Amino acid sequence: MNKERKLIIAGNWKMNKTVAEALDLVRGLKIELAGVREADMVICPPYTALADVSKAILDSSLRLGAQNMSEHNFGAYTGEIAAGMLKEFLVRYVILGHSERRQFQKETNELVAKKARAAHAASLKPIICVGETLQEHEAGHTERVIEDHVRGSLHGVTAAQMADTILAYEPIWAIGTGKTATTAQAQEVHAFIRRLLAKLYDESVARHVRIQYGGSVKPGNARELMSQIDVDGALVGGASLDDRSFADIIKTSI
Ligand code: PGA
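For the sequence shown, the numbering used here begins at 3 and goes up steadily by one.
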C-alpha cells in the first residue's frame, strides 16, 4: 500500500504469555514475517518476557515495546519500572495511557504527559493512546474527549519530540469487543487529531506524526482501515497473541 507515512503496527500482548509462550510466539512471528520491511513492526510483551524476547528478536526486523513505564527515573516507587530499566533490554517504544490503565489505574492526561516527557528524555518513543467511551461516543462527545486527551497527554512534549511520538486512537467501545469503528469513523477522528496537531504545533508536525488505530483490528478488517489516508498503522490487542493473525494483519496492510 502506498502511504504518505510508514505504517507502524504494534502488538499489545497485555497480561498474556509466560516467557516460554512468548518465545514460541516470537519464533512463529520471525518465520511469518521474514523479509517484511515495509512497516515498522513492534511487539509489546509483559515486562517479565522483555529480556528473553529482546534476545530472540535481535536477528529480525521486529522491535520491542513496553506496555507502560513510570514517570520517575528511579527511587522508592514499589512495583514501578523506569525508562532506563527498559532501555537495558533494547526497548524502543512504550505504550502510554492505554484505556485500560486510564480505567483501572486511574491514569490521567497529566500523568500520561509526565510519562511521555520521561520516555523522550530516555529516547524511548511513546505510543500515546486516546479514545472515548461508548457513552461519550453515543452522546456525540467524541471530538471533545479526543481533544482533551491529545492536548493533556502531550503537555510539554516539544515539536521536535513529536517526530518520535506515535498516537493511537482507540475508541474504548471497540477494544476487545469485536466492534470496530467503521473505516469512515476512524478516518474522521484521525483527521480531526491531525488538524488538532497542526493547531498545537504546526503543519509539518501534523503531517509527520503517525496515528495508529486500535480496537478489534483483525486480518479481515486491517487493510480497509489502513487504506484510510490518516490511518498510519494499528495497535493490536487480541489478534497479536497469535503469530498467524498478527503476521496476516501486517502482510495484508503493506
Ligand atoms: P483489541 O485491543 O485489539 O483486543 O481490541 C486493542 C488494544 O487494547 O490496544
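No residue lacks a Cβ here, since even glycine has one placed at the ideal position from N, Cα and C.
No experiment lies behind these values; they were computed from the predicted model shown.
query: Cβ pair G217, A249 closer than 8 angstroms; result: no
query: Own chain, CB closer than 7 angstroms to W175, minus 5 neighbours either side, in chain order; result: T135, L136, H139 and K181
query: Identity of the residues DSSP links to R212 by a beta bridge; result: I168
query: Environment of D303 [buried if 16+ CB atoms lie within 10 Å]; result: This structure does not reach residue 303, given that the chain is present from 3 up to 256, and the question cannot be answered.
query: Same chain, Cβ closer than 6 angstroms to I40, neighbours up to 5 away in sequence not counted; result: Here residue 40 is Glu; the residue named in the question, Ile, does not match the sequence. Cβ neighbours of E40 beyond the five flanking positions: I256.
query: Own chain partners of D226 with C-beta closer than 8 angstroms, once the 5 adjacent residues on each side are dropped; result: It should be noted that the sequence gives Glu, not Asp, for residue 226. For E226, where only same-chain residues beyond five positions count, the Cβ hits under 8 angstroms are T185.
query: Proximity test, Cβ basis, 8 angstroms: F91 and chain B; result: The structure shown contains no chain B; it is built from a single protein chain.
query: Environment of Y215 [buried if 16+ CB atoms lie within 10 Å]; result: buried
query: Residue burial classification, G57 (beta-carbon count within 10 angstroms, cutoff 16); result: Here residue 57 is Lys; the residue named in the question, Gly, does not match the sequence. It is exposed - the Cβ of K57 has fewer than 16 other Cβ atoms within 10 Å.
query: 3 or more residues per run - each beta strand (DSSP E) lying fully within the stretch 48 to 76; result: 64 to 68
query: D26, enclosing alpha helix (DSSP H) - first and last residue; result: V21 to E34
query: Three CB pairs or more closer than 8 angstroms across the stretch 65 to 76 and the stretch 106 to 123; result: yes
query: Assigned secondary structure, I83 (DSSP; H/G/I helix, E/B strand, else coil); result: coil
query: Heavy atom of the ligand PGA within 7 angstroms of I177 beta-carbon; result: yes
query: Delimiting residues of the beta strand (DSSP E) encompassing A236; result: G235 to V238
query: First and last residue of the uninterrupted beta strand (DSSP E) at M17; result: That residue, M17, is in no beta strand (DSSP E); it is neither H nor E in DSSP.
query: Pick from D150, G133, D232 and K127 that is closest to A12, judged by C-alpha positions; result: K127
query: Residue environment, Q69, which counts as buried when at least 16 other CB atoms sit within 10 Å; result: buried
query: In DSSP terms, what I129 is bridged to; result: I97 and I168
query: Endpoints, the alpha helix (DSSP H) within which V114 is located; result: N111 to A123
query: As assigned by DSSP and simplified to three states, the class of M3; result: coil
query: Check: G239 C-beta below 7 angstroms from any heavy atom of the ligand PGA; result: yes
query: Start-to-end residues for the beta strand (DSSP E) that takes in D42; result: D42 to C46
query: Buried versus exposed call for K108 [16 or more other C-beta atoms within 10 Å across all chains shown]; result: exposed
query: Distance between beta carbons of I97 and G67, contact taken as under 8 angstroms; result: 6 angstroms
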